[in-house]
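Protein chains: 4
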Amino acid sequence: MVVVMAPGATEADINGVVSLVETAGGDAFVSRGVERTIIGLVGDVQQFGSLNLRSLRGVSDVIRISAPYKLVSRENHAERSIVRVGGVPVGPGTMTLIAGPCAVETPDQTLQAAQMAQAAGATLLRGGAFKPRTSPYAFQGLGEAGLRILADVRDETGMPVVTEVVDAADVELVASYADMLQIGTRNAQNFALLQAAGESGKPVMLKRGMNGTIEEWLMAAEYIAQRGNLDIVLCERGIRTFEKATRNTLDISAVPVAQRLSHLPVIVDPSHSGGHRDLVLPLTRAAIAVGADGVIIDVHPHPETALCDGPQALVNGDLRELAKVVRALPPLVGRTLTEAPDAVPDGVPA
Amino acid sequence: MVVVMAPGATEADINGVVSLVETAGGDAFVSRGVERTIIGLVGDVQQFGSLNLRSLRGVSDVIRISAPYKLVSRENHAERSIVRVGGVPVGPGTMTLIAGPCAVETPDQTLQAAQMAQAAGATLLRGGAFKPRTSPYAFQGLGEAGLRILADVRDETGMPVVTEVVDAADVELVASYADMLQIGTRNAQNFALLQAAGESGKPVMLKRGMNGTIEEWLMAAEYIAQRGNLDIVLCERGIRTFEKATRNTLDISAVPVAQRLSHLPVIVDPSHSGGHRDLVLPLTRAAIAVGADGVIIDVHPHPETALCDGPQALVNGDLRELAKVVRALPPLVGRTLTEAPDAVPDGVPA
Amino acid sequence: MVVVMAPGATEADINGVVSLVETAGGDAFVSRGVERTIIGLVGDVQQFGSLNLRSLRGVSDVIRISAPYKLVSRENHAERSIVRVGGVPVGPGTMTLIAGPCAVETPDQTLQAAQMAQAAGATLLRGGAFKPRTSPYAFQGLGEAGLRILADVRDETGMPVVTEVVDAADVELVASYADMLQIGTRNAQNFALLQAAGESGKPVMLKRGMNGTIEEWLMAAEYIAQRGNLDIVLCERGIRTFEKATRNTLDISAVPVAQRLSHLPVIVDPSHSGGHRDLVLPLTRAAIAVGADGVIIDVHPHPETALCDGPQALVNGDLRELAKVVRALPPLVGRTLTEAPDAVPDGVPA
Amino acid sequence: MVVVMAPGATEADINGVVSLVETAGGDAFVSRGVERTIIGLVGDVQQFGSLNLRSLRGVSDVIRISAPYKLVSRENHAERSIVRVGGVPVGPGTMTLIAGPCAVETPDQTLQAAQMAQAAGATLLRGGAFKPRTSPYAFQGLGEAGLRILADVRDETGMPVVTEVVDAADVELVASYADMLQIGTRNAQNFALLQAAGESGKPVMLKRGMNGTIEEWLMAAEYIAQRGNLDIVLCERGIRTFEKATRNTLDISAVPVAQRLSHLPVIVDPSHSGGHRDLVLPLTRAAIAVGADGVIIDVHPHPETALCDGPQALVNGDLRELAKVVRALPPLVGRTLTEAPDAVPDGVPA
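Here you go:
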């Protein structure tokens with residue numbers, strides 16, 4: 001942490017900062033410049049934060065240097081992590097395809113979407129039973145009935161299930177069905193939900209807030225980690241910008257940046273970022289090429305009747321191309337498409 | 001709703017749209033242009049939304065025209081509403097000052113802040129017992145102990161209490177102490193929380209999401225309203241932009257825009273938007289001048305030791321100026337500073 | 001300037017930074033922390049910038065501290081400046097109303113708009129002869145013919161003229177007619193134009209880039225100042241954000257922030273920021289209340305036939321209210337409406 | 001174009017719109033809804049734009065439907081274009097690598113950078129002689145001396161030269177040396193410069209404004225095209241968002257979106273978007289995979305002494321990897337790395 005003094009700061013002002021820091025058990029190094037004096041602080045940054053140094057007389061600015069997250073940081077955990085979801089690895093060396101319908105609507109629709117996904121190379125099934133919707137008048141998901149459908153389709157296909165939870169009170173219920181909990185972009189700073197997910201015993205896929213900086217995303221992951229759960233997969237899904245030609249602006253650079261700052265796997269959602277079917281395949285290629293540990297894609301057997309986000313779901317005709325892409329591209333970045341775990345008896349995947 | 005056909009759309013494509021709309025009970029008016037054909041839809045917009053018209057062959061775009069919110073819209077409720085909080089009105093004709101500490105820390109600090117606020121003209125006390133913080137290592141608030149302190153200070157000062165709730169599971173508890181529930185910017189799309197607040201029986205102050213459009217803000221209010229609670233006050237608190245000189249960018253235009261679209265009162269938080277003490281008074285003046293129904297301001301007896309957001313709290317020296325501003329400016333926009341409700345004998349709340 | 005070393009930086013890395021800085025004539029102060037070492041640099045910051053410290057081995061970050069602008073900074077010129085435009089002051093103590101048509105169309109339209117403006121209290125006439133338009137198919141202004149109309153209307157009304165210049169090659173021509181050059185938002189980083197305006201001998205109104213930070217805005221002003229022209233008025237006109245309910249988001253906080261960082265006057269354009277007539281008066285009130293040194297407003301005698309930005313022009317019916325606002329509000333912030341310079345006999349400008 | 005009437009619009013209001021449109025030679029189709037009436041306009045959209053329909057009584061909104069650009073649109077020119085730069089093609093089927101130093105500093109540095117670039121597979125040389133810099137105190141480029149160096153290096157290497165022009169007055173000079181003019185992000189709406197480039201007789205690389213929508217980018221290209229020059233290559237170089245971990249946010253989706261809307265080639269600048277050496281290779285891979293027609297990359301023999309943007313320049317060690325990437329990835333998206341034109345004997349340009 002560095003304290004920058006204002007041009008007119010007096011010796012007394014400088015001494016005020018130094019003694020406050022020293023009283024708090026830290027060390028303060030004063031560098032007197034021609035125009036300004038700066039004071040470097042060494043010690044427990046969290047504690048300095050509570051000193052309100054910015055409020056002291058003569059202080060112009062306080063600049064934080066260390067990363068504010070610890071458990072998810074690569075500083076203390078240099079090797080990149082692999083998170084296992086029902087036996088399926090997500091992390092370095094592999095590229096995992098997660099696919100399924102945006103919303104679970106019926107057993108048939110979910111099973112068909114899962115089979116489409118599996119045929120394309122997916123090893124994890126996504127599908128929403130609890131849907132956070134901007135409008136209270138929009139379809140909000142089937143709730144527990146949807147979770148049961150997902151569990152049935154898992155039995156049928158052998159694909160572990162990733163599904164969203166939108167309220168801390170539902171975490172236990174959702175965790176009793178799901179192999180991985182998803183926390184969506186609108187809940188990226190719902191701290192009660194993050195903490196509950198941290199105590200759920202299940203891996204968590206944490207979508208980036210559409211307005212969240214990469215640092216805030218990692219802080220949200222830290223909330224989960226702090227409750228004892230480091231099985232976290234970060235998911236970049238587009239941020240909100242002035243550009244309206246796409247639903248969101250996929251921040252493709254966030255993948256290498258987050259992988260450099262954190263040891264957690266980072267995947268990409270090309271369906272929700274682009275918001276349009278035509279963009280899903282190009283963005284999937286970009287995500288794999290940039291080095292993502294996986295992609296999560298909406299597929300739907302009949303998008304024209306989908307209750308949620310039909311315009312962005314891939315259909316049967318697109319899946320052959322998807323199947324090619326997810327096999328051809330990963331080797332160029334030192335990865336292979338993740339295979340289904342071989343130890344899946346009873347409901348063995350194709 | 002208007003469906004815009006692609007340049008190469010065929011008659012069959014156009015007929016496809018028309019029959020789908022008519023089957024759904026709507027009317028479709030076809031306008032054939034030189035370059036494009038457009039189809040105007042008349043009927044139940046919610047129902048059209050579920051038709052996935054955008055997925056039909058030959059459709060280039062679908063443009064929605066009606067506002068997607070109903071209960072909070074001014075279209076069906078032309079007169080602007082007044083919301084009463086423990087007897088204190090917020091709405092047209094008055095300008096209500098809400099003030100208090102960002103976080104409740106001790107009984108003394110809270111009482112002193114309340115008295116500072118009251119002396120400046122505040123009629124409602126703000127103060128946080130549950131604090132949503134970006135870092136899990138930051139002070140998270142006193143919880144129920146903080147609520148008890150707020151209730152005691154209300155007894156002492158007669159000021160009704162506004163306090164934040166961050167989890168649907170806490171709504172009942174917070175509502176048992178508070179006169180008004182606050183929903184913060186990070187929970188602006190926490191739909192479970194919005195619905196719980198809608199069932200709480202208490203007025204709700206709904207902060208705009210830092211990434212939220214005005215339309216999304218009104219949709220969030222609609223979630224509360226849909227559960228039977230129209231006692232909602234909207235609070236503009238700054239949005240996230242590329243500019244880093246301020247903590248957030250106060251969207252001052254949002255006040256007249258939201259007041260034109262919705263009948264709900266709209267207030268401004270100049271403390272959190274600017275993030276710096278020096279900006280609080282100028283932004284308060286701007287908020288009153290633009291026509292806000294109120295302002296909510298952080299005050300603290302000793303900001304240099306504040307556990308939360310000290311740099312933006314007003315101190316005693318600023319309050320004389322604040323007291324002047326909140327009395328002098330409202331008459332120029334046809335308002336008067338809200339007075340404490342007269343039915344408050346001996347500092348006892350209604 | 002502060003150099004932050006990476007966690008694994010060696011003594012050799014640290015020494016490398018120190019010797020490079022010392023070779024360049026600066027001083028380097030090393031603070032060794034538990035996790036990180038930071039090095040404070042003292043000396044000529046511009047020179048350090050060319051050292052590419054960020055490229056050195058072991059360097060994690062380089063943080064600049066001093067303001068990068070000098071001539072327009074308040075650090076070296078504490079008192080706020082007054083800029084005179086044809087005798088009319090813009091700066092502290094007064095609130096100057098600049099008004100006129102967005103584009104000069106005909107002599108009649110321009111004269112009528114000027115008279116409307118003057119009746120409302122305006123002392124400077126705005127009007128565009130060169131219009132930068134997003135579309136090459138939109139009306140681009142009358143060019144020199146428009147400048148002649150403006151000069152005639154100045155003769156008739158005594159109002160000095162503010163008009164835009166869009167190309168460095170036109171600066172001399174425009175300066176031969178205008179009392180103040182306007183540089184628009186799309187040219188906020190057209191450095192050739194800024195430099196030419198700096199050599200024009202005329203005051204310059206510099207609009208903020210719609211994507212420009214306050215720092216970049218001041219750097220653009222520095223380009224003008226560096227050519228010997230300190231008669232610069234900064235104009236906040238809204239920035240581009242995700243919000244689409246308004247044409248731009250007026251960054252009202254930018255006024256006090258820019259006034260704190262720079263000694264130059266700061267005015268507000270409520271017409272182009274809101275983009276809608278209904279917002280002009282509320283935003284004008286907000287601008288005056290926040291402490292702007294002036295406002296610049298579109299007026300048009302017949303906005304329904306305006307060739308440019310008709311929807312945001314004030315009409316006759318609005319001007320009575322504008323006249324009231326610009327007289328009633330400034331005294332509350334220690335200002336008075338700027339009067340026409342008294343040395344204006346027979347409608348002849350000073 | 002669609003005119004949306006306000007809920008309370010009268011028959012007279014509707015008739016007013018209809019007659020105004022018909023007087024202007026257009027047709028108006030009225031669709032009366034339960035809540036609202038909408039009017040579809042057919043005819044010359046440019047002319048409707050000048051009617052100021054938005055200002056008419058009873059009009060709530062006016063929605064434009066056709067693309068406002070014509071010459072660069074794919075609507076009238078379905079096949080994607082190939083632009084040739086000194087014989088080197090940029091467009092579908094190939095992936096062209098453009099590389100070189102950010103700024104031309106010395107003959108040696110430029111030649112070395114060109115040879116590094118060529119060895120990695122580049123067929124076009126980039127290098128700046130005129131540099132637009134945020135600070136007037138930063139290195140502004142060598143001007144014509146730099147152009148001469150570029151021409152010499154072209155003679156030596158056979159690589160056609162792409163270089164920036166920042167002022168309309170310099171276009172003729174720069175065009176006399178360069179094979180392609182570059183217009184930078186800060187000049188994306190410098191219309192005088194765009195028009196001059198349109199008359200230069202040279203191909204133009206048009207960078208997207210860092211705040212520019214895709215539509216504005218295409219409108220800027222239309223300014224060039226309107227002057228008779230359709231040899232335009234669009235370059236996505238990152239947009240400005242709230243995220244500060246990268247210099248800009250590379251909008252990777254803009255590539256397929258712009259390719260769908262326009263027939264012009266679209267390339268990507270991974271150096272300026274990320275702003276950090278470590279991001280250049282991942283973003284280059286993403287750009288090729290998403291389907292870009294080329295990439296433009298900073299290389300420098302000694303970035304630690306570079307006068308401009310050293311932190312993002314690739315160095316010798318990175319180039320082996322770059323060479324692999326630009327050869328291995330294009331075939332996966334149906335392209336091959338562009339070869340130097342065969343009519344280049346002995347390193348002499350055509």
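Taken in sequence, the protein lines are chains G, H, D and X. Its first residue numbered 1, the first sequence is counted upward by one per residue in the UniProt record's numbering. Its first residue numbered 1, the second sequence is counted upward by one per residue in the UniProt record's numbering. Its first residue numbered 1, the third sequence is counted upward by one per residue in the UniProt record's numbering. Its first residue numbered 1, the fourth sequence is counted upward by one per residue in the UniProt record's numbering. Think of the CB as a built atom: it goes at the ideal place given N, C-alpha and C, for glycine as much as any other residue.
1. What's the gap between the Cα of Gly347(D) and the Cα of Arg148(D)?
2. Beta-carbon of Ser31(H) versus every beta-carbon of chain X: anything under 8 Å?
3. Within 8 Å of any Cβ in chain G, is that where the Cβ of Thr10(D) sits?
4. Quick one: what does DSSP say Thr23(G) is sitting in, helix, strand or coil?
5. When you compare only the Cα positions, how much space is there between Gly121(H) and Arg154(H)?
6. Specify the secondary structure class of Gly16(G) as computed by DSSP and reduced to three states.
7. Within this structure, are the beta carbons of Val255(D) and Val290(D) separated by less than 8 Å?
8. Report the option in Gly143(X), Gly127(X), Phe139(X), Val171(X) whose CA atom is closest to the CA atom of Met159(X).
9. From the DSSP output, read off the bridge partner residues of Phe29(G).
10. Taking the beta carbon of Glu11(H) as the centre, do at least 16 other beta carbons fall within 10 Å, making it buried, or is it exposed?
11. If the cut is a Cβ gap below 8 Å, which residues of chain H does Glu243(D) touch?
12. Between the region 282-299 of chain X and chain G, which residues of the former have CB atoms less than 8 Å from a CB of the latter, in chain order?
13. In chain order, which alpha helix (DSSP H) runs of at least 4 residues are fully inside the region 50-101 of chain G?
14. Which term fits Pro7(D), buried or exposed, when burial requires 16 or more other beta carbons within 10 angstroms of its beta carbon?
15. Spatial neighbours of Leu264(X) within its chain, please: CB distance less than 7 Å, with the 5 preceding and 5 following residues excluded, ordered by chain position.
16. In chain G, what lies closer than 8 Å to Thr305(H) by C-beta?
17. May I ask which residues mark the beginning and end of the beta strand (DSSP E) holding Asp269(D)?
18. For Glu144(D), report the span of its alpha helix (DSSP H) as first-last.
19. Would Gly274(X) pass as an interface residue toward chain G - the criterion being a Cβ-Cβ separation below 8 Å?
20. Assuming the contact rule is C-beta atoms closer than 8 Å, Ala99(X) and Val299(X) should be a hit. Round their C-beta distance to whole Å, please.
21. Got a sec: which bits of the region 179-200 of chain H sit with their beta carbon under 7 Å from any beta carbon on chain D, in order along the chain?
22. Any idea if Pro331(H) is buried or exposed, counting beta-carbon neighbours within 10 angstroms, 16 or more meaning buried?
23. Using a Cβ-Cβ distance cut-off of 8 Å, determine whether Thr246(H) contacts chain D.
24. Which runs of the beta strand (DSSP E) spanning at least 3 residues fall entirely within the region 158-212 of chain D, listed in chain order?
25. I need the straight-line Cα distance from Thr185(D) to Arg327(H), nearest angstrom please.
26. With a threshold of 16 other CB atoms inside 10 Å of the CB of Gly26(H), please say whether the residue is buried or exposed.
27. Considering only their Cβ atoms, is the gap separating Glu105(D) from Leu307(D) smaller than 8 Å?
28. Counting only beta-carbon separations shorter than 8 Å, does Val42(D) have a partner in chain G?
29. Are the C-beta atoms of Val4(G) and some chain H residue less than 8 Å apart?
30. What residues are listed by DSSP as bridge partners for Leu307(D)?
31. Classify Asn76(G): buried if its beta carbon has 16 or more other beta carbons within 10 angstroms, exposed otherwise.
32. Is any beta-carbon of chain G found at less than 8 Å from that of Leu314(H)?
33. Is it buried or exposed, Lys202(D), if we count other Cβ atoms within 10 angstroms and call 16 or more buried?
34. What residues are listed by DSSP as bridge partners for Met116(X)?
35. Assuming the contact rule is C-beta atoms closer than 8 Å, Pro270(D) and Thr284(D) should be a hit. Round their C-beta distance to whole Å, please.
Taking the definition as stated:
1. In the third sequence, residue 347(D) corresponds to position 347, counting from 1. In the third sequence, residue 148(D) corresponds to position 148, counting from 1. Residue confidence for Gly347(D) is low, a pLDDT of 41 falling below 50, so the modelled location carries little weight; the figure read from the coordinates is stated next. Approximately 17 Å, taken between the alpha carbons.
2. Numbered from its first residue, the second sequence carries residue 31(H) at position 31. Output row for Ser31(H): interface = yes.
3. For this step, residue 10(D) is matched to residue 10 along the third sequence. Output row for Thr10(D): interface = no.
4. As a first step, residue 23(G) must be located in the first sequence, where it is residue number 23. The answer is helix: DSSP assigns Thr23(G) an H, G or I state.
5. Translated into the one-based positions of the second sequence, residue 121(H) becomes position 121. Translated into the one-based positions of the second sequence, residue 154(H) becomes position 154. Going from the Cα of Gly121(H) to the Cα of Arg154(H) covers about 15 Å.
6. On the first sequence, residue 16(G) is found 16 positions in, with the first residue counted as 1. If DSSP states are grouped into helix, strand and coil, Gly16(G) belongs with the helices.
7. If you number the third sequence from 1, residue 255(D) lands on position 255. If you number the third sequence from 1, residue 290(D) lands on position 290. Cβ distance < 8 Å, so Val255(D) and Val290(D) count as in contact.
8. Numbered from 1 along the fourth sequence, position 159 holds the residue referred to as residue 159(X). Met159(X) has its Cα closest to that of Gly127(X), out of Gly143(X), Gly127(X), Phe139(X), Val171(X).
9. For this step, residue 29(G) is matched to residue 29 along the first sequence. According to DSSP, Phe29(G) bridges with Gly40(G).
10. As a position in the second sequence, residue 11(H) is number 11, starting the count at 1. Exposed is the call here.
11. The sequence position of residue 243(D) within the third sequence is 243, counting from 1. Ordered by position in chain H, the residues that pass the 8 Å Cβ test against Glu243(D) are Thr213, Ile214, Ile239, Asp251, Ala254.
12. Pro282, Leu283, Arg285, Ala286, Ala287, Ile288, Ala289, Val290, Gly291
13. none
14. As a first step, residue 7(D) is located in the third sequence; it is residue number 7 there, counting from the start. Exposed, since its Cβ has fewer than 16 Cβ neighbours within 10 Å.
15. For the purposes of this step, residue 264(X) is taken as the residue at position 264 of the fourth sequence. Only Val72, Ser81, Ala221, Ile232, Val233, Leu234 meet the Cβ criterion.
16. If you number the second sequence from 1, residue 305(H) lands on position 305. Simply Asn52.
17. The residue given as residue 269(D) occupies position 269 in the third sequence. Where Asp269(D) is concerned, there is no enclosing beta strand (DSSP E), given that its DSSP letter is neither H nor E.
18. Stepping through the third sequence from its first residue, residue 144(D) is reached at position 144. Per DSSP, Glu144(D) belongs to the alpha helix (DSSP H) from 144-157.
19. As a first step, residue 274(X) must be located in the fourth sequence, where it is residue number 274. With 8 Å as the cut-off, Gly274(X) counts as an interface residue toward chain G.
20. Counted from its first residue, the fourth sequence places residue 99(X) at position 99. Counted from its first residue, the fourth sequence places residue 299(X) at position 299. That pair is a contact at about 5 Å.
21. none
22. Translated into the one-based positions of the second sequence, residue 331(H) becomes position 331. The residue in question, Pro331(H), is exposed, as its Cβ has fewer than 16 Cβ neighbours within 10 Å.
23. Along the second sequence, one-based indexing puts residue 246(H) at 246. With 8 Å as the cut-off, Thr246(H) counts as an interface residue toward chain D.
24. 161-164, 180-183, 204-207
25. As a first step, residue 185(D) must be located in the third sequence, where it is residue number 185. As a first step, residue 327(H) must be located in the second sequence, where it is residue number 327. Those two C-alpha atoms are separated by around 37 Å.
26. Working through the second sequence from its first residue, we reach residue 26(H) at position 26. Label assigned to Gly26(H): buried.
27. Numbered from 1 along the third sequence, position 307 holds the residue referred to as residue 307(D). Numbered from 1 along the third sequence, position 105 holds the residue referred to as residue 105(D). Cβ atoms of Leu307(D) and Glu105(D): closer than 8 Å.
28. If you number the third sequence from 1, residue 42(D) lands on position 42. Taking Cβ atoms only, chain G reaches closer than 8 Å to Val42(D), which makes this a yes.
29. On the first sequence, residue 4(G) is found 4 positions in, with the first residue counted as 1. Taking Cβ atoms only, chain H never reaches closer than 8 Å to Val4(G), which makes this a no.
30. For the purposes of this step, residue 307(D) is taken as residue 307 along the third sequence, with counting starting at 1. Leu307(D) pairs with nothing; no bridge assigned.
31. Locating residue 76(G) in the first sequence gives position 76, where the first residue counts as 1. Asn76(G) should be labelled exposed.
32. The count along the second sequence starts at 1 and reaches residue 314(H) at position 314. Output row for Leu314(H): interface = no.
33. Taking the first residue of the third sequence as 1, we reach residue 202(D) at position 202. So Lys202(D) ends up on the buried side.
34. Residue numbering aside, residue 116(X) sits at position 116 when the fourth sequence is read from its first letter. Paired residue(s): none; Met116(X) is not in a bridge.
35. By 1-based counting over the third sequence, the position of residue 270(D) is 270. By 1-based counting over the third sequence, the position of residue 284(D) is 284. 5 Å between Cβ atoms; contact.
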